[in-house]
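Peer 1:
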Amino acid sequence: MQSLKKSSLYVLSINFIIFIFFPTLFLVKGGHNIASVGLCGIALIYFLISRLLNREELDSLPRAEKIWMLCLLFYSATFLLSFFWHAEKLRELEHIAKLCLFIPLLYLFERYQPHINWLLKGILFGAIIAGGVAIYDRFILNVYAAYSPRMLQIQAGDIAMSLGLFSFVIGLHSFSRQQYRQMLWAIIATLFGILGSVLSTARGGWIGLPLLLCFALFAYRQYLSKKILFFVSLFFVFLLAAVAFAPKTKLISRVTEAYTEAQQYFDAQAEQSTSIGARFALWKSALLMAKEKPLLGWGNAGAMEKRQVQQQEGVISEYAANFTHAHNQYLDNLSKYGLVGLVALLAIFSVPFCYFYRKRHAIKSEEKLVATLGMLHIISVMCYSLTQAFLNHNSGNIFYFLSVFIFYGCLKHSEKE
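Everything in the sequence shown is counted per full-length UniProt numbering, starting at 1 for the first residue and increasing by one.
1. Which residue marks the beginning of the alpha helix (DSSP H) containing residue 158, and which one marks its end?
2. Whose C-alpha, out of 376, 355, 387, 96, is nearest the C-alpha of residue 64?
3. My assumption, with CB atoms under 8 Å, is that residue 235 sits in contact with residue 123. Please give the rounded CB distance.
4. Classify residue 298 as helix, strand or coil using the three-state DSSP reduction.
5. Among the residues of its own chain, which have a CB less than 6 Å from the CB of residue 431, if the five just before and after it don't count?
6. Please confirm if the region 349-368 is in contact with the region 140-151, defined as three or more CB-CB distances below 8 Å between the two stretches.
7. Please identify the residue among 121, 279, 381 whose C-alpha is closest to the C-alpha of residue 404.
8. Count the other C-beta atoms from every protein chain shown that fall within 10 angstroms of the C-beta of residue 358, then say buried if there are 16 or more, exposed otherwise.
9. Just checking my contact of residue 167 with residue 201 at CB under 8 Å: how many whole Å lie between their CB atoms?
10. Unbroken alpha helix (DSSP H) runs of length 4 or more, entirely within the region 346-400: which are they?
11. Going by Cα to Cα distance, which pick from 301, 285, 386, 282 is closest to residue 89?
12. Under 7 Å between the Cβ atoms of residue 272 and residue 219?
13. So, residue 262 versus residue 252, is the Cβ gap smaller than 7 Å?
14. So, helix, strand or coil for residue 137, using DSSP?
15. Would you mind sorting residue 225 into buried or exposed? The rule is 16 or more other CB atoms within 10 Å of its CB.
16. For the alpha helix (DSSP H) that contains residue 37, what are its first and last residues?
17. Are residue 76 and residue 337 touching if we call contact CB-CB under 7 Å?
18. When the Cα of residue 281 is compared with those of 267, 291, 326, which residue comes out closest?
19. Distance check for residue 192 and residue 241, CA to CA, integer angstroms please.
20. Whole angstroms are fine: how far does the CA of residue 37 sit from the CA of residue 72?
21. Buried or exposed for residue 227, going by 16 or more other Cβ atoms inside 10 Å?
22. Rounded to the nearest angstrom, how far is the Cβ of residue 389 from that of residue 335, given a contact under 8 Å?
23. Our contact map puts residue 205 next to residue 384 with C-beta atoms below 8 Å; I'd like the distance itself, whole angstroms only.
24. In the structure shown, what three-state DSSP assignment does residue 328 receive?
25. Select from 160, 222, 315 the residue whose C-alpha is nearest the C-alpha of residue 278.
26. Just how far apart, CA to CA, sit residue 186 and residue 230?
27. Could you tell me the boundaries of the alpha helix (DSSP H) in which residue 187 lies?
28. Just the C-alpha distance for residue 131 and residue 239, rounded to the nearest angstrom, thanks.
29. Classify residue 139 as buried or exposed, calling it buried when 16 or more other Cβ atoms lie within 10 Å of its own Cβ.
30. Alpha carbon to alpha carbon, how far is residue 176 from residue 48?
31. Let me make sure I understand the geometry here. Which of 324, 294, 394 has the alpha-carbon closest to that of residue 308?
32. Are residue 393 and residue 155 touching if we call contact CB-CB under 7 Å?
33. Straight-line CA distance for residue 196 to residue 14?
34. Going by C-alpha distance, which of 113, 137, 378, 345 is nearest residue 16?
35. Taking DSSP as the reference, what is the three-state secondary structure of residue 21?
36. Does the distance from the C-beta atom of residue 109 to that of residue 409 stay below 7 Å?
Structure, rendered in structure tokens:
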């Protein structure tokens, strides 16, 4: 009986924390830490009690999870190698500590799996909160970009877009199961999530939207007739038009601004003092760094020092030289940690993607749903990483890794059920 109560407490705590994870991302400053600390804390307590105090054998991990663990350790090792090779500051080890704290979740979810319904409700609620907070910031507080009082708007805008897309997939799943009430909530959540991204003015989250929508529709193509696809397309056209011409959304001005800034960079002026121009300059800077030190890169501090040297040599502007990263996760890892760092980065994307990909044709619709969410999550973060060092920030790091673990845990629940 006591063991049963302990199991129920574990499961209830896990499900509740997963439910609040997505909404708390936007409600308070540092909200991304709340669920991560709670969930990793439970996993660590379970690991220590089971292994050290009770001397229980932990459930052995399947081969796929062992590969994922090795992948995380390899990714962590790139920071450790850079720490010693480039004599970095102690704060570089912070990346390793965070990643290592996620690993006990594999053992926790092998014994206690989160329930899919809690995840779905958390995503829908989180997307609605994301849109509501964005509306409050722009129209009540009148700040320039939504979320900026609490969080870097680029990161928040990208995460809001992800929640909107997750909600869209949940809507497709609900339609396939004829769960029309949940489908209605999913449509509302999709609108709010995408609106939140638009109001953040973070253009990086908009780039992959057509690709990601097509991916979601392709995943559920067997349930969608040509008539349904037509109405879905019409829905998004009207949504885009409504958002574009609504006051204070800045959608048209931000797109026009991006086109103008790109033109200014590629003409004779090579303008680098704009958002787009600085990104082009930073990408050029990172590639030049990689050419000089291709294997292990320059390290974090070394890359910033090298940018200052490049500025003095006239390669990049003073404005671009003051950025701390390359505004591209792939090039940033390549310049700081070399080819080793780039391979490790690609591994943390490709390994979990392959795991979810293998589950995409599961017989149970819930498994297919979570597998699709997992794949969409990874592709979306890969898209965000083209114009932002998404994983360099604590919010992006936690959102990516914790979401992967949560999707993994929910898949385990569906399999064992």
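From the three backbone atoms N, C-alpha and C, an ideal C-beta is built for every residue, glycine too.
No experiment lies behind these values; they were computed from the predicted model shown.
Peer 2: This is what the structure holds:
1. 153-176
2. The closest CA to that of residue 64, considering only 376, 355, 387, 96, is found on 355.
3. Actually they are not in contact, since the Cβ atoms of residue 235 and residue 123 sit about 20 Å apart, beyond 8 Å.
4. coil
5. With the chain covering 1 to 417 only, the question about residue 431 has no answer from this structure.
6. no
7. 381
8. Residue burial annotation: residue 358 is exposed, with fewer than 16 other C-beta atoms found within 10 angstroms of its C-beta.
9. Contact doesn't hold; Cβ gap of about 21 Å is too wide.
10. Taking 4 residues as the shortest admissible run, the region 346-400 contains the following complete alpha helix (DSSP H) segments, listed from N- to C-terminal end: 365-384.
11. 301
12. no
13. No, these two residues do not count as a Cβ contact at 7 Å.
14. Helix.
15. exposed
16. 32-48
17. no
18. It is 326.
19. 15 Å
20. For residue 72 and residue 37, the distance between alpha carbons rounds to 18 Å.
21. exposed
22. Contact flag wrong, Cβ pair sits at about 11 Å.
23. Indeed they touch by this definition, with Cβ atoms about 6 Å apart.
24. Residue 328 falls in the coil class under three-state DSSP.
25. Of the candidates 160, 222, 315, the residue whose Cα lies closest to the Cα of residue 278 is 315.
26. 19 Å
27. 180-199
28. 14 Å
29. So residue 139 counts as exposed.
30. 43 Å
31. 324
32. yes
33. 27 Å
34. 113
35. helix
36. yes
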